[in-house]
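Below is one structure, written out as structure tokens; the observations come after it.
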Amino acid sequence: MKYAKLISTLIFESSDGEKYKYDIFQDFPAADFYAVIHAQQEVSTEKYGNCPTWIVINGYLRLGPLNPVACDEECKAHFMNHY
Numbered sequence: 001m002k003y004a005k006l007i008s009t010l011i012f013e014s015s016d017g018e019k020y021k022y023d024i025f026q027d028f029p030a031a032d033f034y035a036v037i038h039a040q041q042e043v044s045t046e047k048y049g050n051c052p053t054w055i056v057i058n059g060y061l062r063l064g065p066l067n068p069v070a071c072d073e074e075c076k077a078h079f080m081n082h083y
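With full-length UniProt numbering applied, the sequence shown corresponds to residues 1 to 83, in that order.
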């Protein structure tokens, strides 16, 4: 059976006020780590008006480290270099 476990969620705010979320997962049985990157945007809804919503961007980020703390640091470095 293959499955993934959510290990950590990190939320960063860029210098221009944009918010980004990294959901870090561990894939089993391979035990590989990866992150799903989201950006927060206002989405207009009929019932609730404008709502902040997380939109998946850039697909998956494969992470090299073999432990959750190192994955957090790798995601932080990715954010600093790209946003």
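All C-beta atoms in this analysis are idealised placements derived from N, C-alpha and C, irrespective of residue type, glycine included.
- Here the alpha carbons of T53 and S44 stand approximately 10 Å from one another.
- When secondary structure is reduced to three states using DSSP, K47 falls in the coil class, being assigned neither helix nor strand.
- With 16 or more neighbouring CB atoms inside 10 Å of its own CB, I37 falls in the buried class.
- Counted as a single uninterrupted DSSP element, the beta strand (DSSP E) harbouring A4 occupies residues 3-13.
- It is roughly 12 Å from the alpha-carbon of L66 to the alpha-carbon of D27.
- Between Y20 and Y60, the CB-CB gap reaches or exceeds 7 Å.
- Classified as exposed, E13 has fewer than 16 neighbouring CB atoms from the shown chains inside 10 Å of its CB.
- Here the alpha carbons of I24 and D72 stand approximately 8 Å from one another.
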